[in-house]
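A.B. asks: Under our numbering, the first residue of the sequence shown carries the number 400, and numbering increases by one thereafter.
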Amino acid sequence: MLHFNLSQSDGVPLYLQLIQQIKHFIATGRLTAEDELPPVRVLAQQLVVNPQTVVRAYRELEMAGLIYKRRGAGTYVSAQGTPYTEAECRRLLSERANALLVEARSLGFDLDSTIALVQECSAELDRLKEGTE
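1) Does S512 come within less than 7 Å of chain E when only Cβ atoms are used?
2) Does DSSP put E433 in a helix, a strand or coil?
3) Report the residue ranges of all beta strand (DSSP E) runs contained in full by the region 438-515; include only those spanning at least 3 residues, in chain order.
4) Please tell me whether T474 and L413 are closer than 7 Å, where the distance is taken between their beta carbons.
5) Does the contact criterion of 3 or more C-beta pairs under 8 Å hold for the region 441-459 versus the region 478-492?
6) Going by Cα to Cα distance, which pick from E433, L401, Q416 is closest to S408?
7) In three-state DSSP terms, what is G410?
8) Check H402 in the structure and name its three-state DSSP category.
9) Counting only the same chain and skipping the five closest in sequence on each side, list residues whose C-beta sits under 7 Å from that of L500.
10) In three-state DSSP terms, what is G530?
11) If you measure between the beta carbons of L524 and T427, is that distance less than 7 Å?
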């Protein structure tokens with residue numbers, strides 16, 4: 400069973416936190432193609448959030464091609480991956496990289512330190528993925 404952890408006090412909307420956690424579970428292999436996600440009502444009760452929060456997160460993940468719904472049967476992780484073109488994926492990732500670099504600089508990290516941190520995080524993701532296989 401997956402454990403989601405949302406924080407009411409960190410300033411990030413709850414649906415975005417849920418999206419990031421589901422993406423993380425997919426990236427680390429804790430969720431794989433055709434795995435079923437919890438039903439909206441069940442997950443909303445578990446997280447003590449409005450069901451519309453879960454609906455919005457699922458809708459955005461579905462629009463990104465990461466999950467899909469089977470009418471009357473549930474919500475599942477897609478095997479197709481993202482429907483975006485490579486150029487669109489690069490654009491989206493570039494936006495996130497820019498945000499990371501701005502934040503790193505504001506915290507006093509130079510480029511080499513930031514790259515080292517990203518490499519550490521990548522290695523940790525690899526370890527987590529290996530632990531689930």
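Even glycine gets a Cβ: it sits at the ideal position worked out from N, Cα and C.
Here the structure is a predicted model, which is why all the values come from computation and not from measurement.
C.D. replies: According to the structure data:
1) The displayed structure is made up of one protein chain only, and chain E is not part of it.
2) When DSSP states are grouped into helix, strand and coil, E433 belongs to the coil group.
3) Whole beta strand (DSSP E) segments, 3+ residues: 466-469, 473-476.
4) Against a cut-off of 7 Å, the Cβ pair of L413 and T474 comes out as no contact.
5) Because the criterion of three Cβ pairs below 8 Å is not met, the region 441-459 and the region 478-492 do not touch.
6) Per the Cα distances, Q416.
7) If DSSP states are grouped into helix, strand and coil, G410 belongs with coil.
8) If DSSP states are grouped into helix, strand and coil, H402 belongs with coil.
9) The residues are T513.
10) The DSSP-derived three-state label of G530 is helix.
11) Cβ distance < 7 Å, so L524 and T427 count as in contact.
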